[in-house]
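Below is one structure, written out as structure tokens; the observations come after it.
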Amino acid sequence: MTTETDFEVISAILSAEPISVDQAIAAVESDTAGAVVSFSGVVRNHDGGKPVDRLSYSAHPTAHQVMADVVAKLVAEHSGEAARPVRIWAAHRIGMLEVGEPALVCAVAAAHRGQAFAVCSELVDRIKAQVPIWKEQFFSDGTVEWVGAGE
Numbered sequence: 000m001t002t003e004t005d006f007e008v009i010s011a012i013l014s015a016e017p018i019s020v021d022q023a024i025a026a027v028e029s030d031t032a033g034a035v036v037s038f039s040g041v042v043r044n045h046d047g048g049k050p051v052d053r054l055s056y057s058a059h060p061t062a063h064q065v066m067a068d069v070v071a072k073l074v075a076e077h078s079g080e081a082a083r084p085v086r087i088w089a090a091h092r093i094g095m096l097e098v099g100e101p102a103l104v105c106a107v108a109a110a111h112r113g114q115a116f117a118v119c120s121e122l123v124d125r126i127k128a129q130v131p132i133w134k135e136q137f138f139s140d141g142t143v144e145w146v147g148a149g150e
């Protein structure tokens with residue numbers, strides 16, 4: 000009897016269109032998954048004690064490929080750890096976002112919750128650390144701040 004150990008990347012994209020947790024969960028759910036873990040990083044109305052009106056995300060021209068590479072590397076490092084397929088969906092918004100809109104959404108489906116939580120957490124951390132995306136924050140007082148530029 001052969002056991003599947005492959006991870007399946009359903010999505011690993013940057014999107015100018017809205018993204019949602021419901022979309023991510025629906026994409027990764029399967030009969031073999033006993034756990035579906037999701038993350039939604041949403042635009043909040045404050046940062047550093049200042050009210051935020053909206054954000055704009057900009058991406059380096061290579062960011063689409065970096066996103067795919069980050070997910071592929073995570074999959075390669077964890078391949079063979081599961082007796083059942085692990086399914087991954089990840090997307091980061093680019094462009095103008097309003098308060099409350101999801102900016103980064105990830106979902107991981109696995110046979111067991113421990114692996115789903117671990118892979119989802121690691122996925123979010125890697126995307127935030129490695130994909131060249133910068134955030135321009137527009138504050139209520141009219142000031143603007145770039146986050147991630149030059150890091």
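Sequential numbering from 0 applies to the sequence shown in numbering that gives the first Met the number 0. In this text, a Cβ means the ideal position worked out from N, Cα and C, and glycines have one as well. Predicted model, so just to flag it, every value in this text is computed and none were measured.
- Rounded to whole angstroms, Phe-138 and Glu-80 show a C-alpha spacing of 45 angstroms.
- Annotated three-state conformation of Ile-9 is strand, per DSSP.
- Taking C-beta separations shorter than 7 angstroms and ignoring five residues to either side along the sequence, the partners of Val-41 in its chain run Gly-99, Glu-100, Pro-101, Ala-102, following chain order.
- If you compare the alpha carbons of Asp-52, Arg-43, Asp-5, Arg-92 with that of Ile-12, the shortest gap goes to Arg-92.
- The Cβ atoms of Ala-90 and Val-36 do not sit closer than 8 angstroms to each other.
- Under the DSSP assignment, Glu-76 falls in the alpha helix (DSSP H) whose first and last residues are 62-77.
- Judged by their CB atoms, Val-107 and Ile-87 are nearer to each other than the 8 angstroms cut-off.
- Burial is judged here by how many other beta carbons sit within 10 angstroms of a residue's own beta carbon; Met-66 has at least 16 and is buried.
- For the pair Arg-43 and Leu-54, the Cα-to-Cα distance works out to about 9 angstroms.
- For Arg-112, the uninterrupted alpha helix (DSSP H) run begins and ends at 112-129, by DSSP.
- Contact annotation: Pro-84 and Glu-28 have beta-carbon atoms that are not nearer than 8 angstroms.
- Residue burial annotation: Ser-14 is exposed, with fewer than 16 other C-beta atoms found within 10 angstroms of its C-beta.
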